[in-house]
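Have a look at the structure below before the remarks.
Protein chains in written order, with full-length UniProt numbering: chain A, 1 to 95; chain B, 1 to 153.
Next comes the structure, spelled out in structure tokens:
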């Protein structure tokens, strides 16, 4: 089995929307048979943490200098485009 | 149903039919209630207003009236709680994902969060509530706390 991937969930404060998105993604991936290490942070902390993660899911814009794949997390707050976002996350986790 | 959300939503921190000039006025109205009720420190209101200008919280839901969830760092919070404003006329908040875009907002959930691990249910229930257009329509027609409890609880 491949090494467990690490997903960094980011939002403005690192406590509110990233918590909701983390919970939603963890649950949805579990039902797709996938687990991962989850981390949470403020958007401003992303550049310093990005090197140690495989994927970033953020509800706020992320600095363009970050080279790790970024998936927009707003879909998990609004419900709009949620299935597509989940498919994108699953594809990254299965890489 | 959304029991965790109702546990955190203080009946005295709900404002219905709010007439406000802009999003700062709504935030200050609700933050004042949370401060009076002992949920947040005196520094909370300024911190939320400041954060809203750099990291906005408007959520475009695809409805005529959308939702904003202003909040700030845990250091300004004494105990977890939620204040709710249902606006008479929408005010613009910037889009969380695209701060250059304005989102017309009819419902403001002001969040006081200090321990994310204990407040996951509350956050998820807010998301569930705002993803239901029927729930928001009922909220905009609410006249009393009981009406709101019937929608959310």
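Backbone N, C-alpha and C fix where the C-beta goes; we use that ideal spot for every residue, glycine too.
**Q.** chain A residues whose Cβ lies nearer than 8 Å to that of residue 139(B)
**A.** Going along chain A, no residue has its Cβ under 8 Å from residue 139(B), so there is no contact; the nearest lies around 16 Å.
Q) Along the region 59 to 78 of chain A, what residues have a CB closer than 9 Å to any CB found in chain B? A) 59, 60, 61, 72, 73, 74, 76, 77 and 78
Q) Helix or strand or just coil, what does DSSP make of residue 25(B)? A) helix
**Q.** residue 34(B) beta carbon less than 7 Å from that of residue 64(B)
**A.** no
(Q) Using CA atoms only, rank isn't needed, just tell me which of 95(B), 114(B) and 10(B) is closest to residue 41(B). (A) 114(B)
Q.
When you compare the CB positions of residue 92(A) and residue 69(A), do they come within less than 7 Å of one another, or not?
A. yes
Q: Please confirm if the region 14 to 31 of chain B is in contact with the region 104 to 111 of chain B, defined as three or more CB-CB distances below 8 Å between the two stretches.
A: yes
Q | Residues near residue 141(B) by beta carbon distance below 8 Å, same chain, minus five either side | A | 147
Q: State yes or no: is the beta carbon of residue 81(A) nearer than 7 Å to at least one beta carbon in chain B?
A: no
Q: Grab me the residues of residue 17(B)'s own chain with a C-beta within less than 6 Å of its C-beta, minus the 5 sequence neighbours each way, in chain order.
A: 88
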